[in-house]
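Protein chains: 2
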Amino acid sequence: MYIKGVGMTKFGVEDRTTQEMAYEAALEALDDADMSIDDVNAVVVSNEDTRNNGERQRLAPSIIASIFKIKLPMIRVPAVCGGGGAAFWTALKLGYDNVLVVGAERLAATNTVRVTDDILMAADRVWEQSEGLIFPAQNALVAQQHMLKYGTTTDDFAMVALKNHENAYLNPKAGFYGKKVTLEDIKKSPVVASPLRLFDCSYNVNGAAACIITKDRTDVKVAGSALFTDRLPAFENKDMTTWDASVKAADMAYTQAGVSAKDIDFAEVHDAFTPVEIINYEDLGFCRKGEGAKMIREGVTKLDGRLPVNTSGGLKAKGHPISATGISQIYEIVKQMRNECGERQLKNNRRALAQNIGGAGATASVHVIERA
Amino acid sequence: MYIKGVGMTKFGVEDRTTQEMAYEAALEALDDADMSIDDVNAVVVSNEDTRNNGERQRLAPSIIASIFKIKLPMIRVPAVCGGGGAAFWTALKLGYDNVLVVGAERLAATNTVRVTDDILMAADRVWEQSEGLIFPAQNALVAQQHMLKYGTTTDDFAMVALKNHENAYLNPKAGFYGKKVTLEDIKKSPVVASPLRLFDCSYNVNGAAACIITKDRTDVKVAGSALFTDRLPAFENKDMTTWDASVKAADMAYTQAGVSAKDIDFAEVHDAFTPVEIINYEDLGFCRKGEGAKMIREGVTKLDGRLPVNTSGGLKAKGHPISATGISQIYEIVKQMRNECGERQLKNNRRALAQNIGGAGATASVHVIERA
Chain A
8 MYIKGVGMTK
18 FGVEDRTTQE
28 MAYEAALEAL
38 DDADMSIDDV
48 NAVVVSNEDT
58 RNNGERQRLA
68 PSIIASIFKI
78 KLPMIRVPAV
88 CGGGGAAFWT
98 ALKLGYDNVL
108 VVGAERLAAT
118 NTVRVTDDIL
128 MAADRVWEQS
138 EGLIFPAQNA
148 LVAQQHMLKY
158 GTTTDDFAMV
168 ALKNHENAYL
178 NPKAGFYGKK
188 VTLEDIKKSP
198 VVASPLRLFD
208 CSYNVNGAAA
218 CIITKDRTDV
228 KVAGSALFTD
238 RLPAFENKDM
248 TTWDASVKAA
258 DMAYTQAGVS
268 AKDIDFAEVH
278 DAFTPVEIIN
288 YEDLGFCRKG
298 EGAKMIREGV
308 TKLDGRLPVN
318 TSGGLKAKGH
328 PISATGISQI
338 YEIVKQMRNE
348 CGERQLKNNR
358 RALAQNIGGA
368 GATASVHVIE
378 RA
Chain B
8 MYIKGVGMTK
18 FGVEDRTTQE
28 MAYEAALEAL
38 DDADMSIDDV
48 NAVVVSNEDT
58 RNNGERQRLA
68 PSIIASIFKI
78 KLPMIRVPAV
88 CGGGGAAFWT
98 ALKLGYDNVL
108 VVGAERLAAT
118 NTVRVTDDIL
128 MAADRVWEQS
138 EGLIFPAQNA
148 LVAQQHMLKY
158 GTTTDDFAMV
168 ALKNHENAYL
178 NPKAGFYGKK
188 VTLEDIKKSP
198 VVASPLRLFD
208 CSYNVNGAAA
218 CIITKDRTDV
228 KVAGSALFTD
238 RLPAFENKDM
248 TTWDASVKAA
258 DMAYTQAGVS
268 AKDIDFAEVH
278 DAFTPVEIIN
288 YEDLGFCRKG
298 EGAKMIREGV
308 TKLDGRLPVN
318 TSGGLKAKGH
328 PISATGISQI
338 YEIVKQMRNE
348 CGERQLKNNR
358 RALAQNIGGA
368 GATASVHVIE
378 RA
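First to last, the protein sequences are chains A and B. For the first sequence, position 347 matches number 354 in the numbering used here, and the numbering has no gaps at all. For the second sequence, position 228 matches number 235 in the numbering used here, and the numbering has no gaps at all.
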């Protein structure tokens with residue numbers, strides 16, 4: 008399958024409804040594909056039916072049907088933070104000529120504490136939710152294990168944050184666009200769950216992203232696409248510093264594309280928390296296990312490095328509107344491949360990888376995308 | 008695609024968790040298919056992430072992954088009351104050799120009022136939820152229109168309830184199995200939302216259903232499968248007495264199967280409320296528009312009629328555990344085709360139709376299933 012058009016709203020804390028954001032992103036994708044909604048054969052929507060953001064809506068596909076006045080095959084594929092990637096994966100497999108994929112989330116609402124509780128419903132009910140093990144706390148435990156096992160430091164985490172903020176500074180669609188964040192800001196930010204500081208955590212925003220996938224040959228091809236789901240509690244893994252769903256999805260996506268990790272020119276990975284970006288380097292095969300921190304120390308994944316990661320600013324600094332995130336990664340990759348990224352434009356942009364995770368490694372999708 | 012195995016729990020108000028019910032249904036389906044979980048290539052789960060049933064779980068696929076100790080491609084496709092059918096439709100399209108489809112819901116929980124509110128999140132936020140237009144009230148408005156336009160009476164509705172209770176009486180998996188319900192019980196039951204009485208409403212239960220679909224030739228074939236999604240507010244339709252998503256899905260499923268409504272031997276349709284069964288007769292082409300009531304009056308859809316409908320007892324009397332319902336329809340059809348239905352066994356059982364609706368006509372799937 009190929010990608011024909013992409014669209015996304017600016018990510019940020021501006022108060023907007025899921026409906027209007029989804030409409031804006033979908034319209035931009037249609038425009039970009041030079042298509043009308045009548046050319047679309049099916050729609051896959053990703054959205055969490057969040058109660059506490061004030062929207063209380065379980066049938067997001069019907070909202071899209073209302074906006075566009077369409078009656079089509081339309082389903083919803085939510086997977087919390089990994090919903091966008093899961094929807095994209097599903098859309099690729101449905102067999103239709105042209106599928107609109109939309110992810111949208113109103114996450115930065117008036118009552119953030121209650122929205123956090125809504126999202127915590129993605130954690131294990133008994134061992135995590137009841138114990139107050141919110142996602143920053145879960146990921147802090149993972150980070151501690153990586154530090155113990157491989158000598159990774161909080162300075163490494165800070166360098167990930169800095170890199171992604173530097174990239175977001177150049178991305179007009181990023182929440183932190185044009186906002187300077189220094190290493191000192193990061194290192195002095197308040198501790199959320201030790202060793203994670205505020206600037207180690209992704210940015211809660213409102214936003215939507217959309218794309219059109221098609222059987223027609225276009226300039227961007229999906230060469231590999233895989234999704235795996237694992238059990239919930241991260242601490243039940245024998246090795247807390249690796250996420251099997253992610254490793255398996257990467258392996259399969261590489262195999263489908265007939266490439267290996269070393270063939271990837273750039274990547275958008277799931278940096279919900281800075282240590283997770285380091286773990287992803289390893290799980291995706293960009294380096295050996297335990298050597299992720301070396302990549303950030305040596306600047307390999309910076310904009311001018313050998314393998315730039317999260318040129319968009321990532322979940323960290325572009326923002327992480329849950330179900331929209333996975334599709335916004337596709338947006339960045341397509342824009343890079345078309346040389347439309349202005350000051351953050353890459354030169355080596357032939358083959359990219361997108362990785363999106365739901366829960367603490369509970370479900371992961373990996374897509375290998377190539378200039379066709 | 009073919010159906011290889013089916014399983015379901017007894018539907019009822021017994022207090023059980025989604026997890027254990029999903030496990031029981033999936034194990035039964037695997038057993039029935041003479042397969043092990045290792046033969047499964049992908050899993051599609053349908054479940055509403057209900058907060059107020061005490062479970063608070065957004066990542067149902069990971070729960071299934073835990074139970075079976077598997078790491079597979081697994082997604083969730085919820086569509087409230089239509090989730091089971093939507094998951095089945097999606098699973099057919101994913102392209103895997105063997106897919107396990109599971110729908111499970113803990114709906115009859117300790118706090119039914121709050122669970123009702125959870126499900127109401129499938130209605131339009133402004134025009135329906137805020138106005139207190141819960142699903143019985145929405146369907147009451149639809150029923151009133153059908154009465155006005157076509158002279159359908161509350162006696163007709165009662166006859167639908169009676170038929171489905173008579174069928175459930177014979178179905179050991181039905182919530183109302185072995186429980187006699189008389190026409191007097193139905194007609195004297197309290198009014199919920201005029202003209203709907205308690206016995207015109209489907210039965211809130213806990214339950215799960217599962218099936219294995221496969222590319223291998225088996226004794227039961229899915230000849231047609233279609234899903235359409237429409238906008239939310241039922242009262243925005245020009246004609247409130249017909250649901251376009253349902254009509255379109257039926258048309259496409261018939262076309263795929265190369266048959267028409269008259270070729271259907273028996274059907275499981277979405278009788279969330281008794282008038283909806285009558286509307287479905289019409290929308291599915293079993294009779295002309297406005298003549299649905301005639302079918303129930305003449306006994307056409309009874310167990311010994313020309314076109315038996317809801318031999319399982321339907322949502323009405325077997326019970327309606329939201330995401331499980333659509334898959335439980337497949338269960339009944341397969342069991343009828345295998346002549347395993349005891350006292351409610353049909354003789355003409357070559358070709359059947361399953362119809363599952365989410366919201367008040369917001370999304371609908373129709374499957375045409377044949378003995379192969």
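Where a beta carbon is used, it is the ideal one built from N, C-alpha and C, also for glycine.
Proximity to I286(B) [Cα-Cα], best of V167(B), V199(B) and M259(B): Taking the second sequence and counting its residues from 1, one reaches residue 286(B) at position 279. Ranking V167(B), V199(B) and M259(B) by CA distance to the CA of I286(B) puts V167(B) first.
Classify V380(B) as buried or exposed, calling it buried when 16 or more other Cβ atoms lie within 10 Å of its own Cβ. Nothing about residue 380(B) can be reported from this structure: the residues present for chain B run from 8 to 379 only.
At a CB distance below 7 Å, what residues from the stretch 71-83 of chain A approach chain B? Give them in sequence order. A72, S73, K78, L79, P80, M81, I82 and R83
If you scan the stretch 88-117 of chain B from start to end, which runs of the beta strand (DSSP E) of 3 or more residues do you find wholly inside it? 105-113
Which term fits V198(A), buried or exposed, when burial requires 16 or more other beta carbons within 10 angstroms of its beta carbon? As a position in the first sequence, residue 198(A) is number 191, starting the count at 1. Classification for V198(A): exposed.
CB of N211(A) within 8 Å of CB of A115(A), strictly: Along the first sequence, read from residue 1 onward, the residue named residue 211(A) stands at position 204. Along the first sequence, read from residue 1 onward, the residue named residue 115(A) stands at position 108. Taking 8 Å as the Cβ cut-off, N211(A) and A115(A) qualify as a contacting pair.
Using a Cβ cut-off of 8 Å, pull out every chain B residue sitting near M128(A), in sequence order please. In the first sequence, counting from the first residue as 1, residue 128(A) sits at position 121. Neighbours of M128(A) on chain B, chain order: D56, R58, R63, Q64 and R65.
Within the stretch 154-236 of chain A, note down every full beta strand (DSSP E) run reaching 3 residues or more, in order along the chain. Segments of the beta strand (DSSP E) lying fully in the stretch 154-236 of chain A: 198-200, 213-221 and 227-236.
Let's see if you can read the secondary structure: which residues bound the beta strand (DSSP E) around L37(B)? Counting from 1 along the second sequence, the entry for residue 37(B) is found at position 30. For L37(B), there is no enclosing beta strand (DSSP E); the residue is found in the alpha helix (DSSP H) stretching over T25 to A40.
Comparing the C-beta of V87(A) with each C-beta of chain B, is any distance below 8 Å? As a first step, residue 87(A) is located in the first sequence; it is residue number 80 there, counting from the start. The C-beta of V87(A) comes closer than 8 Å to at least one C-beta of chain B.
Give every residue of the same chain whose Cβ lies closer than 8 Å to the Cβ of S209(B), excluding the five residues on either side of it in the sequence, and list them in chain order. Against the second sequence, residue 209(B) aligns to sequence position 202. Excluding sequence neighbours, S209(B) sits near D278, A279, F280, G321, L322, K323, G326 and H327.
Can you list the residues of chain B that A369(A) reaches, using a CB-CB cut of under 9 Å? Translated into positions along the first sequence, residue 369(A) becomes position 362. By Cβ distance, chain B contributes L66, P68, S69 and A72.
Applying the criterion that 16 or more other CB atoms from any shown protein chain within 10 Å of the CB defines a buried residue, is A379(B) buried or exposed? Sequence index remark: in the second sequence, residue 379(B) carries index 372 (1-based). Flag for A379(B) reads exposed.
For R238(B), which residues in chain A fall below 7 Å Cβ to Cβ? Against the second sequence, residue 238(B) aligns to sequence position 231. The contacting residues are S69, A72 and S73.
Three-state secondary structure (DSSP) at R313(B)? Stepping through the second sequence from its first residue, residue 313(B) is reached at position 306. DSSP places R313(B) in coil when its eight states are reduced to three.
Since L360(B) is in the beta strand (DSSP E), which residue starts that stretch and which ends it? Working through the second sequence from its first residue, we reach residue 360(B) at position 353. It spans R358 to G365 - the beta strand (DSSP E) in which L360(B) sits, taken as one unbroken run.
What three-state label does DSSP hand V13(B) in the structure shown? For the purposes of this step, residue 13(B) is taken as the residue at position 6 of the second sequence. If DSSP states are grouped into helix, strand and coil, V13(B) belongs with the strands.
Which bits of chain A does K255(B) rub up against, with CB to CB less than 8 Å? Position 248 of the second sequence holds residue 255(B). Under the 8 Å cutoff, chain A gives K78.
Name, please, each residue of chain A whose Cβ falls closer than 9 Å to the Cβ of T249(B). In the second sequence, residue 249(B) corresponds to position 242, counting from 1. Here the premise fails: no neighbours, minimum Cβ distance about 13 Å.
Does the beta-carbon distance from S335(B) to G91(B) come in below 8 Å? Indexing the second sequence from 1 puts residue 335(B) at position 328. Indexing the second sequence from 1 puts residue 91(B) at position 84. Cβ atoms of S335(B) and G91(B): closer than 8 Å.
Three or more beta-carbon pairs under 8 Å between the stretch 364-374 of chain A and the stretch 122-132 of chain A, yes or no? yes
Which chain B residues are close to R132(A), counting only those with a beta carbon under 8 Å from its beta carbon? Taking the first sequence and counting its residues from 1, one reaches residue 132(A) at position 125. Correct list: E62, R63 and Q64.
Beta-carbon contacts of S330(A) that lie in its chain and below 7 Å, excluding the five residues immediately before and after: By 1-based counting over the first sequence, the position of residue 330(A) is 323. Hits under 7 Å: S53, N54, E55, P85, G90, G91, G110, A111 and E112.
Determine, using beta carbons only, whether Y176(A) and K187(A) come nearer to each other than 8 Å. Counting from one through the first sequence, the residue named residue 176(A) turns up at place 169. Counting from one through the first sequence, the residue named residue 187(A) turns up at place 180. In this structure, K187(A) lies closer than 8 Å to Y176(A) by Cβ.
Which residue's Cα is closest to the Cα of R63(B): A264(A), D125(A), L34(A) and E298(A)? Counting from one through the second sequence, the residue named residue 63(B) turns up at place 56. Cα-wise, what sits closest to R63(B) is D125(A).
Could you spell out where the beta strand (DSSP E) holding G273(B) opens and where it closes? On the second sequence, residue 273(B) is found 266 positions in, with the first residue counted as 1. A quick correction: the sequence has Phe, not Gly, at residue 273(B). Unbroken beta strand (DSSP E) run through F273(B): F273 to E275.
If we require 3 or more residues per run, which beta strand (DSSP E) segments fall completely within the stretch 235-292 of chain B? 273-275
State the CB to CB distance for the pair G12(B) and L37(B), rounded to an integer number of angstroms; the pair is presumed to be in contact (CB under 8 Å). Numbered from its first residue, the second sequence carries residue 12(B) at position 5. Numbered from its first residue, the second sequence carries residue 37(B) at position 30. Right, their Cβ atoms sit about 6 Å apart.
Residues within the stretch 200-219 of chain A neighbouring chain B, beta-carbon criterion of under 9 Å: none
Using a Cβ-Cβ cut-off of 6 Å (strictly less than) and excluding sequence neighbours within five positions of E339(A), which residues of its own chain qualify? Working through the first sequence from its first residue, we reach residue 339(A) at position 332. If the five residues before and after E339(A) are omitted, its C-beta is found closer than 6 Å to the C-beta atoms of E275 and S319, all from its own chain and listed in chain order.
Backbone CA spacing between M15(B) and P80(B) [nearest angstrom]: Counting from 1 along the second sequence, the entry for residue 15(B) is found at position 8. Counting from 1 along the second sequence, the entry for residue 80(B) is found at position 73. Their Cα atoms are separated by approximately 23 Å.
Residue nearest to F235(B) in terms of C-alpha spacing, selected from I10(A), F18(A), D41(A) and R83(A): In the second sequence, residue 235(B) corresponds to position 228, counting from 1. Considering only alpha carbons, the answer is R83(A).
Give me the residue from D226(B), G185(B) and A49(B) with the minimum Cα distance to K17(B). Translated into positions along the second sequence, residue 17(B) becomes position 10. Comparing Cα positions, the closest option is G185(B).
A72(B) lies in the beta strand (DSSP E); which residues open and close that run? For the purposes of this step, residue 72(B) is identified with residue 65 of the second sequence, where counting begins at 1. First-last for A72(B): A67 to F75, but that is the alpha helix (DSSP H), not the beta strand (DSSP E).
Contacts of L107(A) in chain B (Cβ-Cβ under 8 Å): Reading the first sequence from its first residue, position 100 is the one you call residue 107(A). Here the premise fails: no neighbours, minimum Cβ distance about 12 Å.
For D104(A) and L101(B), the rounded distance between their alpha carbons: In the second sequence, the residue the question calls residue 101(B) occupies position 94. In the first sequence, the residue the question calls residue 104(A) occupies position 97. Cα to Cα, L101(B) sits roughly 15 Å from D104(A).
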